[in-house]
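Residue numbers (the working numbering), protein chains in the order written: chain E, 1 to 881; chain X, 1 to 112. Heads up, the beta-carbon is just placed ideally off N, CA and C, and yes, glycines get one too.
Shown next, in the form of structure tokens:
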């Protein structure tokens, strides 16, 4: 090994002095010949004879020089550089080809690089916690009572609970800001196996009443709201009116349960507070398997514990409540349904790359044919078939690497686009970046692609009959296995393109249907602004009632405002206020537990402002106040569900914890409250509305956070006036931005829209590539058949005839591709089904439209070369041969 | 043209050995090496320049000889090759290897 290294260094030294060594050798050979000549002279020959003889006897000096020279160079390496230099010259001479090829590759490889990075970060890379494979999620949601129950009885795992993040008011240095925070059990940090960067973790028992007045901040909150104050630990902040002491700051990339959470505080486990312990928010449970325990153990334990726990409920729960509870790995739970979307994106991007490779292979095949003369010349000069193949492969791999490096740039851009399509709350999303792993994968991909699309052309080009190619220098004949291969490649490309475009088409149609869907209300012309006081402000119900009544009245008096109302939520703003209720005539039992209804708290003008129709009975009036008889409005589907044949007006419903029945006074139209496509989630049985003054949340209190709606024309002046009006009511109340209702509605489908835009761009790229491919193929055909075309024209074919002939051939291939594509589309689009709205995955109109579109594109792409064929001058083309 | 038992007749790889052995007696230039070989072998071994000089380059690359320009007998510049210490070791090794090979061949030829 050491000997080898010294040799290489010596060889390198020789290489540097190659010119000098060559001169030395010439001088040496000359000297040798001279001595030989002198010897002949001594032997008695004449001067001339001696000279000639010595020259003859010198043997092959060229061979001596060549062989010596080989020892002064790195032959293989220099041959490679030679090939690369030649390839560069070729690329520079054919800029359009190089640009198209490099661009196609950059797009395909770049998209895939971005996807690699995402899949690697989200699906493959383990969670950044201690021994992440031992972390599990218990499916289903549980009341707070379950946390202690499970913690005390579980033998196989350490259990912790994490509530879904909610919006809270943080008051620290003066003004109040809205932050997202999560209530967690004290064991959470130890279960995850992470620790704070400053301060201390929660200790066991700090989730019991009296010890839970503490909070841990996220790194970003500490930096942005507190200016990275090093004395933060130990200081006090106010959260929703409750004083809490800051005991720690998490490290920068801790993002559990979601990337939006900015602080964590203990979840109070107080068995004496019935509502909070048993009937309040239900939370997910996670756990860490204890050493020696396996996931199957945890699985069976959970089933047992759940059924035991169900029996301890102080009110009847459905018999099959959480009976299908299971233990799943935490990573799987966190990524969950994003996995399907990721895989969809990955497949589409891979398809685009495939199409790009096919394109380039096809382009290279045609160029190889065009270079036959040059390659034949090389073969005549002594290059073996292997040498020629190596040179052609070097070219294609070089091209692939160029495309690959451009692809890394494209990938960085593509990655940020992909990230915007995925939910931003996904933990770890921010970590996805183009790092060295991805670059290595890209390089490997480029290498593979270069070999894949270079091998066919290299094999085809090196297979030449020397004399034939050199003599005629023409490209006769249209047969040959390589030409057929090219046609099939293009047909495959068309098929893949059809699948992508059909996918995009189905999504576009879904979006169209969705935007045409009747949401049940009229969002135009309404401005909204949200106020979120602490719940403590509304302990005295009259205070809040007066606050919002005053707000609405003052808003109405603003110039340009035609009406104002308040509501606890506007449709599609993402809130889901639910209430467990008792319904008259539908008693509760283990099989029919209390239904959950969507509960709105509104002022009387709400329905008229949003044009929600009144279908029966009467609307709310000002007389329905805090002291009058409690009344309700129900939605049409709620009426149908509970009283399908009777008149719902006059029936009674009450919140599950309360004793007073409320009377239904009217029925209003259905409104798509939660999502535009579905309306309400499947576990919500219907919707009711209460007048604000009489309204109640699950814990008996009046809703504190309300949205003000005004009917007015949007203007910057009005927006600032509204905002100021809201802020003036009470400086401690955080006020959100003013948003038109239309914006909220379109915002609810923005993720869907981004996904569609992404698909459309994939489909567009695929279509472009297919067009280029068809253009290339038809040009190639035409150049192959110049002689034949000239012949046909000479014996009487018209220009139109030629045109028809070329176009017919192109159409034949395109139709093959379309047929194949339709079959593939019928099989593959079912994977899109979860994203579609009111559109079947095999919608025939979409298939037809896309087929026609592709035919049109193929026609356009074939037009130019076909027209050029028709312009052939027969005398010229016949003479070339 | 004279008998041309050129180096194609010699076992491949032995040219290096022959050159090294010749240089063991002292520095020589290329012509000198070829002449010496011809003389000692009674005209049997006639090394052509097309094999000699590449072989010398190979020996240089492997570090078994070193080369210097010097004045020749007729006061012209000539390149003299000298055996190095590593070359001496290589000479001994190759010599032993060749001897063993020849003995083996002779045994085969002598067999009944």
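### Query
Should residue 29 of chain X be labelled buried (16 or more other beta-carbon atoms within 10 Å of its own) or exposed?
For the purposes of this step, residue 29 of chain X is taken as residue 29 along the second chain, with counting starting at 1. Burial call: buried.
#### Entry: Partner residues on chain E for residue 39 of chain X, Cβ-Cβ distance less than 9 Å
The residue given as residue 39 of chain X occupies position 39 in the second chain. Within chain E, no residue comes near residue 39 of chain X; the closest Cβ sits about 12 Å away, beyond 9 Å.
### Message
Does residue 871 of chain E come out as helix, strand or coil in the three-state DSSP assignment?
### Response
As a position in the first chain, residue 871 of chain E is number 871, starting the count at 1. Coil.
### Query
Using a C-beta cutoff of 8 Å, does residue 24 of chain E count as contacting chain X?
For the purposes of this step, residue 24 of chain E is taken as the residue at position 24 of the first chain. Yes - at least one Cβ of chain X is within 8 Å of the one on residue 24 of chain E.
### Message
Let me check understanding here. Comparing Cα to Cα, which of E:367, E:878, E:52 and E:520 lies closest to residue 93 of chain E?
### Response
Along the first chain, one-based indexing puts residue 93 of chain E at 93. With distances taken between Cα atoms, residue 93 of chain E lies closest to E:367.
### Task
Taking only the alpha-carbon atoms, compute the straight-line gap between residue 334 of chain E and residue 774 of chain E and give it to the nearest angstrom.
Locating residue 334 of chain E in the first chain gives position 334, where the first residue counts as 1. Locating residue 774 of chain E in the first chain gives position 774, where the first residue counts as 1. Between residue 334 of chain E and residue 774 of chain E, the C-alpha separation is close to 44 Å.
#### Entry: Own chain partners of residue 632 of chain E with C-beta closer than 8 Å, once the 5 adjacent residues on each side are dropped
Indexing the first chain from 1 puts residue 632 of chain E at position 632. Once the five neighbours on either side are set aside, the close Cβ partners of residue 632 of chain E are 653, 662, 663, 664, 665, 688, 689 and 690.
### residue 682 of chain E classed as buried or exposed, judged by whether at least 16 other C-beta atoms fall within 10 angstroms
Walking along the first chain from the start, residue 682 of chain E turns up at place 682. By the neighbour-count rule (16 or more Cβ atoms within 10 Å), residue 682 of chain E is not buried but exposed.
### Top-ranked residue by Cα proximity to residue 114 of chain E, from E:342, E:42 and E:795
As a working note, residue 114 of chain E is residue 114 in the first chain. The residue with the shortest Cα to Cα distance from residue 114 of chain E is E:342.
#### Entry: Backbone CA spacing between residue 507 of chain E and residue 876 of chain E [nearest angstrom]
Residue 507 of chain E sits at position 507 when you count from the first residue of the first chain. Residue 876 of chain E sits at position 876 when you count from the first residue of the first chain. Each residue's Cα considered, the two are about 52 Å apart.
### Completely contained alpha helix (DSSP H) runs for the region 4-49 of chain X, where each covers 4 or more residues
14-23 and 30-40
### C-alpha gap between residue 738 of chain E and residue 778 of chain E, whole angstroms
Numbered from 1 along the first chain, position 738 holds the residue referred to as residue 738 of chain E. Numbered from 1 along the first chain, position 778 holds the residue referred to as residue 778 of chain E. Distance between the alpha carbons of residue 738 of chain E and residue 778 of chain E is about 58 Å.
### Enclosing alpha helix (DSSP H) for residue 688 of chain E [first to last residue]
Looking up residue 688 of chain E in the first chain gives position 688. It is not in any alpha helix (DSSP H) - residue 688 of chain E instead sits in the beta strand (DSSP E) that spans 686-691.
### Query
Candidates E:634, E:546 and E:518: which alpha carbon is nearest residue 678 of chain E's?
Indexing the first chain from 1 puts residue 678 of chain E at position 678. Here the closest residue by C-alpha is E:518.
### Cross-strand partners of residue 739 of chain E (DSSP beta bridge)
Here the question's residue 739 of chain E lines up with position 739 in the first chain. Looking at the DSSP assignment, residue 739 of chain E forms a beta bridge with E:528.
### Task
Spatial neighbours of residue 789 of chain E within its chain, please: CB distance less than 7 Å, with the 5 preceding and 5 following residues excluded, ordered by chain position.
Walking along the first chain from the start, residue 789 of chain E turns up at place 789. Closer than 7 Å at Cβ, skipping near neighbours: 802, 869, 872 and 877.
### Task
Enumerate in chain order the residues of its own chain whose CB-to-CB distance from residue 53 of chain X is below 8 Å, with the five nearest sequence positions on each side excluded.
Taking the second chain and counting its residues from 1, the one referred to as residue 53 of chain X is at position 53. Excluding sequence neighbours, residue 53 of chain X sits near 30.
### Message
With a threshold of 8 Å between beta-carbons, can residue 77 of chain E be considered close to chain X, or not?
### Response
One-based indexing of the first chain puts residue 77 of chain E at position 77. Not one chain X Cβ lies under 8 Å of residue 77 of chain E.
### Message
What would DSSP say about residue 9 of chain E, mapped onto helix, strand or coil?
### Response
What you label residue 9 of chain E is simply residue 9 of the first chain in a count that begins at 1. Three-state result, residue 9 of chain E: helix.
### Query
Is there a Cβ from chain X that is less than 8 Å from the Cβ of residue 390 of chain E?
Translated into the one-based positions of the first chain, residue 390 of chain E becomes position 390. It does not; no Cβ of chain X falls within 8 Å.
### Query
Just reading off the beta strand (DSSP E) that residue 250 of chain E is part of, what are its end residues?
Position 250 of the first chain, counting from 1, holds the residue named residue 250 of chain E. Counting along the chain, residue 250 of chain E falls outside any beta strand (DSSP E), and DSSP gives it neither H nor E.
### Message
Could you check whether the region 213-223 of chain E touches the region 256-275 of chain E, counting it as contact only if at least three pairs of C-beta atoms, one from each stretch, sit closer than 8 Å?
### Response
yes
### Query
Taking contact to mean at least 3 C-beta pairs separated by less than 8 Å, is the region 590-601 of chain E in contact with the region 741-749 of chain E?
no
### Message
Out of E:373, E:185 and E:199, which one is the CA nearest neighbour of residue 284 of chain E?
### Response
Here residue 284 of chain E refers to the residue found at position 284 when the first chain is read from its first residue. Closest option to residue 284 of chain E, Cα to Cα, is E:185.
### Query
Exposed or buried, which one is residue 864 of chain E when buried takes at least 16 other CB atoms within 10 Å?
Here residue 864 of chain E refers to the residue found at position 864 of the first chain. By the 10 Å Cβ count, residue 864 of chain E comes out exposed.
#### Entry: Inter-residue spacing [alpha-carbon to alpha-carbon] between residue 141 of chain E and residue 706 of chain E
In the first chain, the residue the question calls residue 141 of chain E occupies position 141. In the first chain, the residue the question calls residue 706 of chain E occupies position 706. Going by the C-alpha atoms only, they are around 27 Å apart.
### Query
Do you know offhand how far residue 521 of chain E's Cα is from residue 612 of chain E's?
Position 521 of the first chain, counting from 1, holds the residue named residue 521 of chain E. Position 612 of the first chain, counting from 1, holds the residue named residue 612 of chain E. If you take the alpha carbons of residue 521 of chain E and residue 612 of chain E, they lie about 5 Å apart.
### Query
Does the distance from the C-beta atom of residue 776 of chain E to that of residue 192 of chain E stay below 8 Å?
Against the first chain, residue 776 of chain E aligns to sequence position 776. Against the first chain, residue 192 of chain E aligns to sequence position 192. Contact: no.
### Message
Is the beta carbon of residue 711 of chain E closer than 8 Å to that of residue 563 of chain E?
### Response
Counting from one through the first chain, the residue named residue 563 of chain E turns up at place 563. Counting from one through the first chain, the residue named residue 711 of chain E turns up at place 711. It is a contact, given that the beta carbons lie within the stated cut-off.
### Query
So what does DSSP say about residue 475 of chain E, is it helix, strand or coil?
Looking up residue 475 of chain E in the first chain gives position 475. For residue 475 of chain E, the predicted model reports a pLDDT of 49, less than 50, meaning its position is unreliable; a value from the coordinates is still stated below. Coil.
### Query
What are the start and end residues of each continuous alpha helix (DSSP H) run of 4 or more residues lying completely inside the region 264-345 of chain E, in chain order?
295-311 and 330-335
### Message
Counting only C-beta atoms, is residue 873 of chain E closer than 8 Å to chain X at any point?
### Response
Numbered from its first residue, the first chain carries residue 873 of chain E at position 873. Taking Cβ atoms only, chain X never reaches closer than 8 Å to residue 873 of chain E, which makes this a no.
### Task
Spell out a yes or no on whether the region 104-124 of chain E and the region 342-360 of chain E are touching, meaning 3 or more CB-CB pairs, one atom from each, closer than 8 Å.
yes
### Query
For residue 65 of chain X, does the three-state DSSP call read helix, strand or coil?
Position 65 of the second chain, counting from 1, holds the residue named residue 65 of chain X. Correct three-state label for residue 65 of chain X: strand.
### Task
Have a look at the DSSP bridge pairing and note the partners of residue 30 of chain E.
For the purposes of this step, residue 30 of chain E is taken as the residue at position 30 of the first chain. DSSP output for residue 30 of chain E lists no bridge partner at all.
### Message
Taking the alpha-carbon of residue 552 of chain E as reference, which of E:606, E:762 and E:168 has the nearest alpha-carbon?
### Response
For the purposes of this step, residue 552 of chain E is taken as the residue at position 552 of the first chain. Among E:606, E:762 and E:168, the Cα nearest to that of residue 552 of chain E is on E:606.
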